[in-house]
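Colleague:
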Amino acid sequence: MAISRLTLVFFTVVSICYAFTDNPTVPPVFQVDLDLQPSARWAHIIQKYHQIVKDSHAVIRSKVPEKLIPIAEFIAADFDNLLEQPYADELRGIAITANMSLGDIVLTNLVYDISAFCTSITMQDAHGQIWHARNLDYGFTDILRNLTIRIDFMKNKKVSYSVVTYAGYVGVLTGQRPHAFAITLDERDQGAWYDNLLVALLERKVKPVSFLIRDTLAQAKDFTAALEMINSTVTAAEGYFIVSGTNKGEGAVITKNRVGANDIWRLDPSNGRWFEVETNYDHWTSPPASDNRRAPAIKSMNSMGQSNITVDSLFNVLSTPLVLNKKTTYSVVMSPAQPELMKVLVRHPATKN
């Protein structure tokens, strides 16, 4: 699938992956209390990351396609009608805490929502346990690495769901509901996304994909319910939703258009398909030679073997050259049946001597 020219310019040729040596670190962990008013939930995080959030916006604004800026301003001008709760009030609270305009906060969240280049893998080990692994690649990599955090969303003083995200971003691209499922989003490039986004928002009946993931983590009780919620929700953009459950065979890649699923590709361990790799291309097509992260990921999974899946062995897969590249901001391994295994590494480049 061809990547649009504007997207290539925007991400400074993100699609060309370069192997590199990294110095991984564990990100800070925060709690967001869902029992607080939405406008107050993020204040403690934004206060800590105030300057980096401002700096990241300045860089993003200087590089985004000009068409995206008026979209952000349009949303800010009709904020409460275009964005649902609690997200509208959460973004408003972030803008106030960061002393930034609402349009600036909306712009940053829009960029995160439509620009993720990723590798996601769902799999079943030899004992029937389901695992999930993912790398998230972006432009603006250095800034985003410094904004990467893990958040436990708390409800009634218990962990409702855990996510890996960037400070100032209220949507979710990577998350886990304990003892239920894990989910990640990979971008599906379908051309002029900025035009599609504006049309979708004008309809006022669609949901940003990152809001859908967060809603799914909050509301769906299990793997089956998560698949149904994703498939039945009209979204502002297309995407690949990779979902891993807790029971044997509960792994799937949903290739989604805005209205519903084009395809649901499920694990089939009894017939030898114990893992599925999704990058940013329909799994039934071949990725372009300029961005073939799929082949090295598949080779690395087969070399590891179904009997040797551990947190460490999966980080080795995620560290395979091309799968890990200069644009990788973080890596995460999850197994929702054992939520305590969730591990996140921020992929900082190694310091040169």
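Just so we're aligned: the sequence shown equals residues -19 to -1, 1 to 334 in mature numbering (1 follows the signal peptide of the UniProt record, and there is no 0).
The C-beta atom is built at its ideal place from N, Cα and C for all residues, glycine as well.
Should residue 113 go down as buried or exposed, given a rule of 16 or more other Cβ atoms within 10 Å for buried?
Modeller: Result: buried.
Colleague: Could you check if residue 160 is buried or exposed, using at least 16 other CB atoms within 10 Å of its CB as the buried criterion?
Modeller: So residue 160 counts as exposed.
Colleague: For residue 148, count the other beta carbons within 10 Å of its own beta carbon; 16 or more makes it buried, fewer makes it exposed. Which is it?
Modeller: The residue is buried, with at least 16 neighbouring Cβ atoms inside 10 Å.
Colleague: Cutting at 8 Å between CB atoms, please list the residues of its own chain near residue 298, excluding the five before and the five after it.
Modeller: So the qualifying residues of the chain are 102, 114, 278, 281, 282, 285, 304.
Colleague: If you drop the 5 nearest sequence neighbours on each side, which residues of the same chain put their C-beta closer than 6 Å to that of residue 247?
Modeller: 233.
Colleague: Check whether the segment 54 to 73 and the segment 33 to 41 are in contact - that is, three or more C-beta pairs closer than 8 Å.
Modeller: These segments do not touch.
Colleague: In the DSSP assignment, find the beta strand (DSSP E) that holds residue 233 and state where it starts and stops.
Modeller: Unbroken beta strand (DSSP E) run through residue 233: 232 to 237.
Colleague: Within 10 angstroms of the Cβ of residue 47, are there 16 or more other Cβ atoms? Answer buried if so, exposed if not.
Modeller: With fewer than 16 Cβ atoms within 10 Å of its Cβ, residue 47 is classed as exposed.
Colleague: Need the endpoints of the beta strand (DSSP E) that residue 111 sits in, please.
Modeller: Counting along the chain, the beta strand (DSSP E) containing residue 111 begins and ends at 111 to 118.
Colleague: Can you tell me the Cα-Cα spacing of residue 313 and residue 296, whole angstroms?
Modeller: Distance between the alpha carbons of residue 313 and residue 296: 8 Å.
Colleague: To the nearest whole angstrom, what separates the beta carbons of residue 235 and residue 212, a pair I think is in contact under 8 Å?
Modeller: With a Cβ gap of about 7 Å, residue 235 and residue 212 count as contacting.
Colleague: Using alpha carbons as the reference points, say which of 88, 223, 287 lies closest to residue 354.
Modeller: Outside the displayed span of the chain (-19 to 334) sits residue 354, for which this structure offers no information.
Colleague: The beta strand (DSSP E) spanning residue 314 covers which residue range?
Modeller: That run of the beta strand (DSSP E) goes 309 to 315.
Colleague: Ends of the beta strand (DSSP E) at residue 125?
Modeller: Residue 125 -> not in any beta strand (DSSP E); alpha helix (DSSP H) instead, spanning 122 to 128.
Colleague: I'd like to check one pair, residue 132 with residue 166: are the Cβ atoms closer than 8 Å?
Modeller: The answer is no: Cβ separation not under 8 Å.
Colleague: Between residue 225 and residue 155, what straight-line distance do the alpha-carbon atoms span, to the nearest angstrom?
Modeller: Answer to the nearest angstrom: the Cα atoms are 12 Å apart.
Colleague: Around the Cβ of residue 170, are there at least 16 other Cβ atoms within 10 angstroms (buried) or fewer (exposed)?
Modeller: So residue 170 ends up on the buried side.
Colleague: Using three-state DSSP, classify residue 323 as helix, strand or coil.
Modeller: In the structure shown, residue 323 sits in coil (DSSP, three-state: anything other than H, G, I, E or B).
Colleague: Is it buried or exposed for residue -17, if we count other Cβ within 10 angstroms and need 16 for buried?
Modeller: Note that residue -17 has pLDDT 36, beneath the 50 cutoff, so the model's placement of it is unreliable and the number below is only indicative. With 16 or more Cβ atoms within 10 Å of its Cβ, residue -17 is classed as buried.
Colleague: In whole angstroms, what separates the C-alpha of residue 191 from that of residue 153?
Modeller: Their Cα atoms are separated by approximately 5 Å.
Colleague: Relative to the C-alpha of residue 79, which residue among 292, 31, 291, 23 is closest?
Modeller: Nearest option by C-alpha distance: 31.
Colleague: Mapping the DSSP letters down to three states, classify residue 131 as helix, strand or coil.
Modeller: Strand, per DSSP.
Colleague: Roughly how many angstroms separate the alpha carbons of residue 72 and residue 198, rounded to a whole number?
Modeller: Distance between the alpha carbons of residue 72 and residue 198: 19 Å.
Colleague: Helix, strand or coil for residue 243, going by three-state DSSP, please let me know.
Modeller: Residue 243: strand per DSSP, three-state reduction.
Colleague: Does DSSP classify residue 303 as helix, strand or coil?
Modeller: In the structure shown, residue 303 sits in coil (DSSP, three-state: anything other than H, G, I, E or B).
Colleague: In chain order, what residues of the same chain lie with their CB nearer than 6 Å to the CB of residue 81, ignoring the 5 residues before and after it?
Modeller: Correct list: empty, nothing qualifies.
Colleague: Using a 10 Å radius around the Cβ and a threshold of 16 neighbouring Cβ atoms, would you call residue 53 buried or exposed?
Modeller: With 16 or more other Cβ atoms within 10 Å, it is buried.
Colleague: Ordered along the chain, which non-local residues of its own chain (more than five positions away) have a Cβ less than 6 Å from that of residue 61?
Modeller: 69.
Colleague: What is the DSSP secondary structure of residue 166, counted as helix, strand or coil?
Modeller: It is a strand residue.
Colleague: Would you say the beta carbon of residue 59 comes nearer than 7 Å to a heavy atom of the ligand ZN?
Modeller: The ligand ZN is absent from the structure shown, which contains no ligand whatsoever.
Colleague: Given a threshold of 16 other Cβ atoms within 10 Å of its Cβ, counted over all protein chains shown, does residue 317 qualify as buried or as exposed?
Modeller: Result: buried.
Colleague: Can you tell me whether residue 43 is buried or exposed? The criterion is at least 16 other CB atoms within 10 Å of its CB, across all chains shown.
Modeller: By the neighbour-count rule (16 or more Cβ atoms within 10 Å), residue 43 is not buried but exposed.
Colleague: How long is the line joining the alpha carbons of residue 5 and residue 327, rounded to whole angstroms?
Modeller: Approximately 5 Å between the Cα atoms of the pair.
Colleague: Sort 21, 257, 111 by Cα distance to residue 322 and report the nearest one.
Modeller: With distances taken between Cα atoms, residue 322 lies closest to 111.
Colleague: Would you report the Cα separation of residue 83 and residue 150, rounded to the nearest angstrom?
Modeller: When rounded, the distance between both Cα atoms is 13 Å.
Colleague: Roughly how many whole angstroms lie between the Cα atoms of residue 377 and residue 58?
Modeller: For the chain, the structure presents residues -19 to 334; residue 377 sits outside this window and is missing.
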